[in-house]
Structures are given as structure tokens and as C-alpha cells.
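Below is one structure, written out as C-alpha cells; comments come after it.
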Amino acid sequence: MNGAATTKVAVVGGGIAGLGLALSMAQRGMACDVYEAVPEVRELGVGITLLPHAMRELAALGVQPQLEAVGIENLESVFFNRYGQFIYREPRGRHAGYAVPELGVHRGKLHRILYEQALTVLGPQHLHTGHRCAGVEQDVHGATLHFTAPDGTRRTPVHVDIVIACDGVQSTVRRQFYPDETMAFAGINTWRGVTRHTPILTGKSYLRVGSIETGKMVIYPIVDDVDGQGRQLVNWMAEIQGDSRSMNDWNQRGRLEDFGHIYKGWRFPWLDVPALIAGAEQVLEYPMVDKDPVAQWTFGRVTLMGDAAHPMYPRGSNGSAQALIDARTLAELLCTTADPIAALRDYEAQRLPATARIVQTNRTTPPDFINTRVDELSGGKPFRHIDDVISQDELRRISEQYQRIAGFSRDALKTP
Ligand SMILES: Cc1cc2nc3c(=O)[nH]c(=O)nc-3n(C[C@H](O)[C@H](O)[C@H](O)COP(=O)(O)OP(=O)(O)OC[C@H]3O[C@@H](n4cnc5c(N)ncnc54)[C@H](O)[C@@H]3O)c2cc1C
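Counting from 6, one number per residue, gives the positions in the sequence shown under my numbering.
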């Protein structure tokens, strides 16, 4: 018999990793309790892209129909230079032969769908909002978690057998094991917004325009027909690697004057980028940060998962997939291993090297390396035709190389 049926498991953080883990465990007949800092789950944030390997995991958790109902299925991924000239296009998701779609969704809606599924499957008694983890202690008998309530008061400590820290990029639990660690910032700042806009290209196109060195835009739709007149909610993210290296403050509203000038000439026959930016109701700013991969996630009865374990640049739209794969991997191990502490170690051995490679690849050769490479070869100047600069086969190789490393090549996803 495995040890999981009687093991008391605490999951810290009710984001994509935490809720994914709770649902994966419940599917395998195991209970756990999720402790989430925020007092109530609200639909916050802007867009997120769910690549086929994320959708495979979400489909297995039973939420594919709900996600398809609120998102937009990508038909294609298209790359342009900063003059609006076409570089490369490839079909995506089911249009590329995958069994599952690639979706653009509102992040808040994804979270709401996972939370409601967890309420149904686990029951509200296992989901504890308003519990901010302040620290964890452990000995041979078990682990003790300390929490504060939203008003800052201490809650009664919780005693469990194992703890999975899914508390995100600013993880409190990780800080306990790596107290001197800081975010890695390489000078890339981003501004994000959502604009009501007529459909761009196919209305199901994921666009990367320009390169990070001189200014890049990522643009994709996340909600169809928001006004009954066919306009969509279009998510956009401006990314620029600056010389100043001062880091955007993610607690502040973004200001158009800090980045709008980079895009002021970007008026293409198929899109007016300054108008897209100006149409956003609000602009958020973030620094693009990650952390250097570490050698250890599991410390006795405690392990790290999702962004707490392997924060990565969002340049590959890949973080949620890795969090969900972590979750399923650990749930399977807990279900089949007699000793839950050994399961935590095996989980680390299976997942740490693969995700460390993705963290590094997102720094050096993410999908938008295509744009960077074309800029290098063209000297950053307009070209007559992309074939004069680089072949479509070579661009496809760059794209497929990333898909292989990130684990969503068609071959990898043939395996159930
Ligand atoms: C700008 C940006 C764009 C992105 N775009 C994409 C994309 O298109 N596709 C994609 O797949 N990924 C994308 N990602 C990455 C993705 O959002 C993350 O990888 C994913 O959210 C990780 O899930 P998580 O559960 O580990 O962390 P989170 O989603 O951050 O969840 C952590 C949870 O823990 C809670 N928490 C924090 N501290 C505590 C505490 N002390 N105690 C209790 N609870 C706590 C938080 O409130 C939160 O609910 C993007 C990331 C960023 C920053």
C-alpha cells in the first residue's frame, strides 16, 4: 500500500501549481489542504497562453470545456520585424495536428475555473483562503506551518506530514532555504495591457513583432466579441531590454510615456500599434525576472513547485505548463511510493533538470530568438523578402528546437 492515503499534505499557494496539484491528487484518491494567502479569489491579471502541454494537463483535470468556452483557440503563430514585415508563420494547437488546442485566455478566468473545479472535487473544507504562510518548521515527526490572516494576526499552526510550496515567484518557503537569493534581472522591462480591438489578422493569431533588443510586442486575443459588434479583448505586452537596467516596479501602474515612444512609428497596413497601446484601459508594468536554477528543491518534508521552484522568463508562454507537469508528476509519485518523503526526492530528480534547461533556454533562445536572429542577419533594416535573409526551414528549426526543450513537440505529446 502507498503511504499517500494516510499522509497529511499541505499545499501552500492556490495558484496554477497548487490547484493543479490538489486536483491531480484528488483524481488519484489522495486528499490535501490548500492554503492561499489572498482572502478571496478574484479574476485579476491579463492574458495567458496555454500551450498544448498545458492543455493536455488541464484536459486531464477535466477543465478543457470550460477553458475553451472562455478563451480563443490560436490558429497560428506569426512573426514580424519592427517594420511590420512578415518573417515566419506556423499553425498551432489542433491546427498543427495536436490532440488539444492552444488557447489564449484571461488569467483570472483560468484561475476561477481551476478554483471552482477544486471546490467541486475537493470540497470547500480543503481550500483555506486568507492563509499567508509565514514559515515552516520540521522534525522527524512532521512539519508545522505558520500562517497569518489578512489583518496580520497569527493563525493556529497546522501540523502535517509533508509540505508542497506552490507560493509563486516570491515564495516565502523558498526564501527560508535560500535566504540570500535575489531575482535575476537582465535589464528587460515589460508593460502589459488589454485593449478592445477589431480582430487582428485571422482574429486567432499569436503575434511577435520586433525584437527584444530594440523593442518587441507580443499580441494575442483572449476574449471574442466583447461588445456584440465583433471586437475582441486583445492582450499585448511590450518588452524592451534597456541600458539603464533599472527594474520596473510591479506594484505600480505603467506609464505610456515610459515606453510609448519606442512604438510610435509602428503603423502597419495590418495593425496600428500606437492605437492598440493607447486603447488600453490600464497599463501594468513588470520587470522580466527569473532566478538561477538551484540544485535542490526538496528539503526533508518540504519541496518547491511551479514558480517557487523554477521561475522563468515568460518568453516561451511555458510556466503554467511546467507547473502543471510538476503537479501531475508529484501526484503520481505520491500515489505509487510507500514513503512520501522519498516521493518528494524522486519528484525533484525527475523535474529539476528538465525545468532548469527551460529556464536557461528562455534566457538565450526562446521562441522570439527568431526575431533577434533576423535582426542580426538584416542589420535591423527592412528587407525585400524574408527569403533573402533566412530560409523558412531554418526558422522552423529554431521554433521546433524550443518546442522540444520545453516538452511540447508533437512527438513528445503523442505519449499520453
Ligand atoms: C508577465 C507574465 C506572463 C506570463 N505568461 C504566461 C503564458 O502566456 N503562458 C504560461 O504558461 N505561463 C505564463 N506565465 C507564467 C505563469 O504565470 C506562471 O508560471 C504560473 O502562474 C506559475 O504558477 P504558480 O502556481 O507556481 O504561481 P502563481 O500562479 O504565482 O501562484 C502562486 C499562489 O501562491 C499564493 N501565495 C503567495 N505567497 C503565499 C504565501 N506566503 N502563503 C500562501 N499563499 C501564497 C499567491 O497568492 C498565488 O495564488 C507568465 C508569467 C508572467 C509574469
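Note that beta-carbon positions come from the ideal geometry of N, C-alpha and C, so glycine has one too.
Checklist entry - Would you call the CB atoms of residue 215 and residue 376 closer than 8 Å? => result Residue 215 is a Cβ neighbour of residue 376, given a cutoff of 8 Å.
Checklist entry - Does any heavy atom of ligand 1 sit closer than 7 Å to the C-beta of residue 215? => result no
Checklist entry - Who are the near neighbours of residue 203 in its chain, counting only those whose CB is closer than 8 Å to its CB and skipping five residues on each side? => result 235, 236, 237
Checklist entry - Can you check whether the CB of residue 186 is closer than 8 Å to the CB of residue 296? => result Yes, Cβ-Cβ distance for residue 296 and residue 186 is below 8 Å.
Checklist entry - Name the DSSP bridge partner or partners of residue 138? => result 152
Next on the checklist: Do residue 56 and residue 323 count as a contact pair if the criterion is CB distance below 8 Å?
Outcome noted: Closer than 8 Å, so yes.
Item to check | Runs of beta strand (DSSP E) lying entirely within the region 211-285, each at least 3 residues, in chain order | outcome: 220-228, 237-246
Next on the checklist: Going residue by residue through the region 27-107, where are the continuous beta strand (DSSP E) segments of at least 3 residues, counting only ones entirely within it?
Outcome noted: Correct list: 38-40, 52-55, 81-85, 91-96.
Checklist entry - Can you give the Cα-Cα distance for residue 18 and residue 291, rounded to whole angstroms? => result 21 Å
Next on the checklist: I'd like to confirm something about residue 120: is its beta-carbon nearer than 7 Å to some heavy atom of ligand 1, or not?
Outcome noted: no
Checklist entry - Can you give the Cα-Cα distance for residue 194 and residue 306, rounded to whole angstroms? => result Using only the alpha carbons, I get a separation of about 37 Å.
Next on the checklist: I need the straight-line Cα distance from residue 86 to residue 167, nearest angstrom please.
Outcome noted: 49 Å
Next on the checklist: Nearer than 7 Å: is that true of the beta carbon of residue 301 relative to any heavy atom of ligand 3?
Outcome noted: Among the ligands in the structure shown, ligand 3 does not appear; only ligand 1 can be found there.
Next on the checklist: Here's the rule I'm using: 16 or more other beta-carbon atoms within 10 Å means buried, otherwise exposed. How should residue 412 be labelled?
Outcome noted: Flag for residue 412 reads buried.
Checklist entry - Is DSSP giving residue 410 helix, strand or coil here? => result helix
Checklist entry - Applying the criterion that 16 or more other CB atoms from any shown protein chain within 10 Å of the CB defines a buried residue, is residue 157 buried or exposed? => result exposed
Checklist entry - Do you know offhand how far residue 88's Cα is from residue 389's? => result 12 Å
Next on the checklist: Considering only their Cβ atoms, is the gap separating residue 36 from residue 131 smaller than 8 Å?
Outcome noted: yes
Checklist entry - Considering only residues of the same chain and omitting the five flanking positions on each side of residue 137, which have a CB-CB separation below 7 Å? => result 42, 152, 153
Checklist entry - Could you give the C-beta distance for residue 73 and residue 106, rounded to a whole number, given that I count them as a contact under 8 Å? => result 7 Å
Next on the checklist: Just to check my reading of the structure: residue 373 and residue 217 have Cβ atoms closer than 8 Å, yes? What is that Cβ distance to the nearest angstrom?
Outcome noted: 6 Å
Item to check | Nearest residue (CA-CA) to residue 90, options 212, 327, 115, 140 | outcome: 212
Checklist entry - Rounded to a whole number of angstroms, what is the C-alpha to C-alpha distance between residue 135 and residue 155? => result Distance between the alpha carbons of residue 135 and residue 155 is about 6 Å.
Next on the checklist: If you reduce the DSSP assignment to three classes, tell me which class residue 319 lands in.
Outcome noted: helix
Checklist entry - Pick from 326, 119, 34, 303: whose alpha carbon is nearest that of residue 350? => result 303
Item to check | Cβ-Cβ separation, residue 328 to residue 25 (assumed contact under 8 Å), whole Å | outcome: 6 Å
Item to check | residue 356 CB to nearest heavy atom of ligand 1 below 7 Å | outcome: Residue 356: no, Cβ never under 7 Å from ligand 1.
Next on the checklist: So, under 8 Å CB-CB, residue 270 and residue 241 are touching, yes? Tell me the CB distance rounded to an integer number of Å.
Outcome noted: Their Cβ separation, rounded to whole angstroms, is 17 Å, which puts residue 270 and residue 241 out of contact at 8 Å.
Next on the checklist: Taking 7 Å as the cut-off, is the C-beta of residue 319 nearer than that to any heavy atom in ligand 1?
Outcome noted: yes
Next on the checklist: Excluding the 5 residues flanking residue 68 on each side, which residues of the same chain have their C-beta closer than 7 Å to its C-beta?
Outcome noted: 118, 119, 122
Item to check | Where residue 38 falls, given that 16 or more other Cβ within 10 Å makes a residue buried | outcome: buried
Checklist entry - Cβ of residue 137 versus every heavy atom of ligand 1: is any distance shorter than 7 Å? => result yes
Item to check | Test item: CB-CB of residue 225 and residue 113 under 8 Å | outcome: Taking 8 Å as the Cβ cut-off, residue 225 and residue 113 do not qualify as a contacting pair.
Checklist entry - Opposite residue 198 in the DSSP bridges: which residues? => result 241, 288
Checklist entry - Regarding residue 197 and ligand 1, is the C-beta to nearest heavy atom distance less than 7 Å? => result yes
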